[in-house]
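First to last, the protein sequences are chains A and B.
In this text, residue positions in the first sequence follow the numbering used here: the first is 9, and each later residue adds one.
In this text, residue positions in the second sequence follow the numbering used here: the first is 9, and each later residue adds one.
Take a look at the structure below.
2 protein chains.
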Amino acid sequence: MKQPLTQGRIQLAPENHLSAEQIQAAKRARRGFMQQALAAAGGALAAAGSSALAKASSNMPPDAAAWTRALGAPVGASGYGMPSKYEANVQRRQSPGLTRTPLSSVSFTPLQSLFGIITPAGLHFERHHSGAPEIDPEQHRLMIHGLVKRPLLLTMSDLMRLPSVSRIHFIECGANSGMEWANVAVPTVQYTHGMIACSEFTGVLLSTLLEEVGYDKKNAKFILAEGADGSALTRTIPIEFALDDVMVVYGQNGEMLRPENGYPLRLLVPGVQGVSSVKWLRRLEVGDKPWNTREESLHYVDLLPDGTHRQYTWIQEVKSVITSPSAGQKLLDKGYYEITGLAWSGRGRIKRVDVSTDGGRNWRTAKLQEPVLPKALTRFRFDWNWDGSPALLESRAIDETGHVQPTMAQLRAVRGTRSIYHNNAIKTWRIARDGEVTNVQIG
Amino acid sequence: MKQPLTQGRIQLAPENHLSAEQIQAAKRARRGFMQQALAAAGGALAAAGSSALAKASSNMPPDAAAWTRALGAPVGASGYGMPSKYEANVQRRQSPGLTRTPLSSVSFTPLQSLFGIITPAGLHFERHHSGAPEIDPEQHRLMIHGLVKRPLLLTMSDLMRLPSVSRIHFIECGANSGMEWANVAVPTVQYTHGMIACSEFTGVLLSTLLEEVGYDKKNAKFILAEGADGSALTRTIPIEFALDDVMVVYGQNGEMLRPENGYPLRLLVPGVQGVSSVKWLRRLEVGDKPWNTREESLHYVDLLPDGTHRQYTWIQEVKSVITSPSAGQKLLDKGYYEITGLAWSGRGRIKRVDVSTDGGRNWRTAKLQEPVLPKALTRFRFDWNWDGSPALLESRAIDETGHVQPTMAQLRAVRGTRSIYHNNAIKTWRIARDGEVTNVQIG
């Protein structure tokens, strides 16, 4: 990049972790303070050397140096640390009016405020059917039975001494981006794409447990997983998935699962819609046919144009979204911006992400952050100089199996207009002349 | 693994996330309940099929099913989630008597309770010199000056629009395992090795900023980094490091840095002792010689056998430790255990980890969890059947540059007996006949 990124002066930039109100407040505050401060500091800094620091400091706000003149918090002030009070608006949020009760509802991950590929456990989206129980791990049991030689009832301690693996995977709800089907222009990426999160999970491969119980290799075709919450949610898992990379998970991002993510035990079916990764897992049954339980017959099915329902959609197909700049943010000045976002595929690794700033007419390839892992979020980045004219930002992901993320029009041509689930279409953000970023559908 | 892991019955196992007291309590509770329950459940489960569930359930403790008969917490009960109340003892801890004031002290990461390679931000060890300030990001500034053409004063917003990278790296305090030099058999791995943590960090490469300010390519040899806390901690960084992989970091594990880890901005010098990764970063000065500031002249130096001091030790050399089983835990029964731990090297990737169960006489190679990343923690795992006899568990790491983790005797032969810092020796845990695991030094 030959052009100076900061162009010799300090530019106001998008606060990708602040609300629109905070951005406006910051803008007002800075227009006054910063212009004076920089006019003065500019001269002082040009002199360079350590004397410049003293002069520059005198141009800092009076409070800025307060923490340099006082003692801070002692170590161990908190046995378990929390974010700064200045980050209080980075939180999971419900979408008002989306559901009738918060006991069977969703809270969304604030993707616009996050970096890298790991989602903090405290911000992992929630989707409960009867609320999140708080289970005593000493009393919790996992039963494995059905077409097996040696049924087992396992304590958490039993499970935690077994051979384990740690893997970074995403979990995406099958209904993520569901409101986009109906052209509901929800205001931010938190609501359009925030039913996804990515964690380092630790647990026991289901294949290890199936070997241990001596499953019936001839007749076993499916596994039923059941949760210990009030809804006793059940899902059918094909045996090929179970023997491949399905895990019985107790660890998330280095520590035990959080209560709302299935503590003390959940299933993880990598690459498959989130509902299959049954939380508060208490039972695994080996059988020879799918169970067709309530949550897999009445929900998580796709109504197709010919009037039939598509049931048992396993894979979350290749998808991506730009998280910054994104709807609800505002570009405060022309100049350099890093466009960044997330891409993922339930079929494996992301191979390439393209970015368009003109609504899909021209595409250029983005940089992918290493390591690019299978069935995990992949962070992409793209250098962009905004010239102040209106723009339409889009990203398009391609996975290692060759699947290409479709436009909304392409998806509707196949899937019709009455779907709720499994929307992996390209997302467009519109940037207006005044820098305002909004959610639009152009396809 | 041909031998059944659970040997046809449920074995009591080590709670690697519980205190010794809790393990004893669990043991007492289970000996009564579980033996009765399993005698009954064993017969019922042998019948298999779904009717077994009802029978097995009737053998569960009365409270066990309480959460299956009630609604749990609604979504959004917490905009920012926290661990289960049952995990309250998984916390950072101070070592009593280690320092005179908690404002200039350490709290340690509970490695014995953690999985995988990511350390939750809330459990990242702390090391402050004047306490942890809580800095207002709107007021914080980073100044870059010295041997540069265009000195800069940057706001957080300025920094956060620049080209960024995300990388998983460890940070280890140079004094980690320091008490082991003096043969202090501290009780757990939290205190022997808990001044290390590993995170996905996001920020701007220092090389990007140095290009932006036009650093003096002929004369620039070192960078001085300075913190905004009360101690205004300063460290000298060689320019080769600065131009390689040093980052100016604002993101940790997906979200903004925590206050105690440098919010809103810190330096990250991958592979180098933690003190160089200056927290609450406010100033970077480009110069032509090392500064020899207080914290790099009086502290973080190694007193060698010939009476001289070794100053400016940059690299954290290859090291590993078994985190489970580890001191303070107890094996409650013979049988299968997964031995697991962490390895790392400031020089790059871990190439191999060997494990010994007989105090270093025989070694076998452990499995490494992928991805194995440079200057990051690497999780290793090793299958072990404990036959009930006393054992001495050790791990030995080798990095991609060929460096081999030394024994304590080898390290003392070179470094003498009066060091505090830079102890990367092999650690031994002793397992007694009764399963008690203790910290011993045998080299």
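Ideal Cβ placement from N, Cα and C applies to all residues, glycine included.
Query raised in the report: Who are the neighbours of Lys123(B) on chain A, taking C-beta pairs under 7 angstroms?
Result: The identity of residue 123(B) in the sequence shown is Phe, whereas the question assumes Lys. Per Cβ cutoff of 7 angstroms: Ser174, Thr210, Gly259 and Gly262.
Requested in this report: Excluding the 5 residues preceding and the 5 following His136(B) in the sequence, name in chain order all residues of the same chain whose CB lies nearer than 6 angstroms to its CB.
Outcome: none
Query raised in the report: From Glu268(B) to Pro145(B), what does the alpha carbon distance come to, in whole angstroms?
Result: 14 angstroms
Report task. Using the Cα positions of Arg372(A) and Glu346(A), report the straight-line distance between them to the nearest angstrom. Result -> 14 angstroms
Requested in this report: Closer than 6 angstroms by C-beta to Gly2(B): which residues in its own chain qualify, once you throw out the five before and the five after it? Chain order, please.
Outcome: No information on residue 2(B) is available, as it lies outside the stretch 9 to 451 that chain B covers here.
Query raised in the report: So which residues of chain A does His136(B) contact, with C-beta pairs closer than 7 angstroms?
Result: Gly80 and Val83
Query raised in the report: Using a C-beta to C-beta distance shorter than 7 angstroms, which residues of chain C count as neighbours of Pro145(B)?
Result: Here the protein chains are A and B, and chain C is not one of them.
Requested in this report: Could you tell me whether the Cβ atoms of Ser6(A) and Thr107(A) are closer together than 9 angstroms?
Outcome: The requested residue 6(A) does not occur in the structure, where chain A is confined to residues 9 to 451.
Query - Arg158(A) versus Ala228(A): straight-line alpha-carbon distance, rounded - result: 14 angstroms
Query raised in the report: Do His177(A) and Leu312(A) have their C-beta atoms within less than 9 angstroms of each other?
Result: no
Query raised in the report: Which runs of the beta strand (DSSP E) spanning at least 3 residues fall entirely within the region 310-335 of chain A, listed in chain order?
Result: 327-332
Query raised in the report: How many Å lie between Ala64(A) and Gly238(B) at the Cα?
Result: Because Ala64(A) carries a pLDDT of 39, less than 50, the predicted location of this residue cannot be relied on, and no value is offered for it.
Query raised in the report: In this structure, does DSSP put Ala47(B) in helix, strand or coil?
Result: Confidence at Ala47(B) is low in this model, with a pLDDT of 36, below 50, so its placement is unreliable and the value that follows should be read with caution. Here Ala47(B) sits in helix by DSSP.
Report task. Determine the extent of the alpha helix (DSSP H) in which Glu248(A) is found, giving its start and end residues. Result -> Ile247 to Asp252
Query raised in the report: Closer than 9 angstroms, CB to CB, is Ala405(B) near chain A or not?
Result: no
Query raised in the report: Closest Cβ-Cβ distance between Ala240(A) and chain B: below 9 angstroms?
Result: yes
Query - Minimum Cβ-Cβ distance from Pro141(B) to chain A less than 9 angstroms - result: yes
Report task. Determine whether the Cβ of Ser86(A) lies closer than 9 angstroms to any Cβ atom of chain B. Result -> yes
**Report entry** Beta-carbon proximity list for Gly139(A), same chain, < 6 angstroms, skipping 5 on both sides
**Finding:** Leu111
Query raised in the report: Are any of the Cβ atoms in chain A nearer than 9 angstroms to that of Trp75(B)?
Result: yes
**Report entry** CB contact check: His132(A) to chain B, cutoff 9 angstroms
**Finding:** yes
Query raised in the report: In chain order, what residues of the same chain have a beta carbon less than 8 angstroms from the beta carbon of Gln43(A), not counting five sequence neighbours either side?
Result: Model confidence at Gln43(A) stands at a pLDDT of 37, short of 50, so the residue's coordinates are unreliable; what they give is reported in the following sentence. Same-chain partners within the cutoff: there are none.
Requested in this report: Tell me whether the beta-carbon of Ala399(A) lies closer than 9 angstroms to the beta-carbon of Asp442(A).
Outcome: no
Query raised in the report: Can you tell me the Cα-Cα spacing of Thr321(A) and Glu188(B), whole angstroms?
Result: 55 angstroms
Query - Exposure label - Thr200(B); buried when at least 16 CB within 10 Å - result: buried
Query raised in the report: Alpha carbon to alpha carbon, what distance is there between Leu385(B) and Ala405(B)?
Result: 12 angstroms
Query raised in the report: By the criterion of Cβ-Cβ separation under 7 angstroms, what are the contact partners of Ala228(B) in chain A?
Result: Residues of chain A passing the Cβ test: none, with the nearest at roughly 12 angstroms.
Query raised in the report: Counting pairs of beta carbons, one from the region 115-129 of chain B and one from the region 152-171 of chain B, are three or more of them closer than 8 angstroms?
Result: no
**Report entry** Alpha carbon of Gly87(A) to alpha carbon of Arg426(A), nearest angstrom
**Finding:** 49 angstroms
**Report entry** Three-pair Cβ contact test at 8 angstroms for the region 279-286 of chain A versus the region 258-267 of chain A
**Finding:** no
Query raised in the report: Exposed or buried, what is Ser397(A) when buried is set at 16 or more other beta-carbons lying within 10 Å of its beta-carbon?
Result: exposed
Query raised in the report: Is Asp442(A) close to chain B, meaning its C-beta is less than 9 angstroms from at least one C-beta of that chain?
Result: no
**Report entry** Alpha carbon of Arg38(B) to alpha carbon of Ser92(B), nearest angstrom
**Finding:** Low per-residue confidence applies at Arg38(B): pLDDT is 37, beneath 50, and the placement is therefore not dependable enough to give any value.
Query raised in the report: Hey, how far is the Cα of Leu276(A) from the Cα of Pro379(A)?
Result: 21 angstroms
Query raised in the report: Which residues in chain B sit within 7 angstroms of Asp391(A), going by Cβ to Cβ distance?
Result: Pro171
**Report entry** Under 9 angstroms from the C-beta of Val98(B): neighbouring residues of chain A
**Finding:** Gly87, Tyr88, Glu263 and Met264
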